[in-house]
Ligand SMILES: [Fe+2]
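Residue numbers (this note's numbering): 490 to 715.
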């Protein structure tokens, strides 16, 4: 028999992070040992990625791991250990990126690119474990209403800057139906003119075609409600 899907608090944010990581890795791979505007923008993007990675793992440590430990003692231990390693890797990459800013060279650029690639590879395996083993423990220990509540606590802890940053990388990373659901939810939460500006802001992230599809999906949802 087909089992209904359980609430997956990792899926959406991890899509955003995978997109942010791969895009940034490509940008860093194109550094040209020069003090160009493009190089500065790529290094700024890397700093922003590393900031978001740190925030993300802190949210998991603060909200998700205690929930796992409460029902399955020791269940989050491996991933919590990896978070410690990730904090060290993030600090090392920040230092390396700063060194590249101060003294760009083909060798330094390539070294940073390779180290970032290893960090991304490590994070991909890590996120897979969270989405499988951690989800299993969460699903064993909690019903969906409780999991939604934990997820809402995380969302409530984000400041507007982090919220905007997540939206920037999440929007193009989602399947069309999930993207429409996300923006329908945002529309409920904000005044009309604020939402219009948010929707307009998504255009460059999506391109004209996907953006038009989003607008059409939102119109359709509104028509259904009317
Ligand atoms: Fe994690």
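Glycine included, each C-beta is placed from N, C-alpha and C at the ideal position. No experiment lies behind these values; they were computed from the predicted model shown.
- Residue 499 sits in coil when the DSSP states are folded into three classes, being neither helix nor strand.
- If the five residues before and after residue 601 are omitted, its C-beta is found closer than 7 Å to the C-beta atoms of 517, 585, 586, 589, all from its own chain and listed in chain order.
- Fully enclosed alpha helix (DSSP H) runs of no fewer than 4 residues occupy 526-548, 554-560, 566-591 of the stretch 513-600, in order along the chain.
- Taking 7 Å as the cut-off, one finds no heavy atom of ligand 1 near enough to the beta carbon of residue 548.
- The count of Cβ pairs closer than 8 Å, one atom from the stretch 625-645 and one from the stretch 553-571, reaches three, so the stretches are in contact.
- For residue 672, the uninterrupted alpha helix (DSSP H) run begins and ends at 665-678, by DSSP.
- When secondary structure is reduced to three states using DSSP, residue 631 falls in the coil class, being assigned neither helix nor strand.
- Here residue 649 carries a helix assignment [DSSP, helix/strand/coil].
- Contact check for residue 608 against residue 578 passes: the beta carbons are separated by less than 8 Å.
- Distances from the CA of residue 714 to each of 673, 663, 519 were compared; the closest alpha carbon is that of 673.
- Less than 8 Å separates the beta-carbon of residue 639 from that of residue 498.
- For residue 577, the Cβ stays outside the 7 Å cut-off from all heavy atoms of ligand 1.
- Checking the 7 Å criterion, the Cβ of residue 619 is within range of a heavy atom belonging to ligand 1.
- The nearest non-hydrogen atom of ligand 1 is less than 7 Å from the C-beta of residue 572.
- The C-beta of residue 521 has fewer than 16 other C-beta atoms within 10 Å across all chains shown, which makes the residue exposed.
- With respect to residue 496, residue 637 sits close: the two C-beta atoms are nearer than 8 Å.
- For the pair of segments examined, the stretch 670-688 was found not to touch the stretch 520-536: the number of CB pairs separated by less than 8 Å stays below three.
- Taking C-beta atoms under 8 Å as the contact rule, residue 508 and residue 658 qualify, at a distance of about 5 Å.
- Excluding residues up to 5 positions away in sequence, nothing lies with its Cβ nearer than 7 Å to the Cβ of residue 641 in the same chain.
- Separation of the CB atoms of residue 644 and residue 669 is rounded to 19 Å, and the pair is thereby denied contact status at 8 Å.
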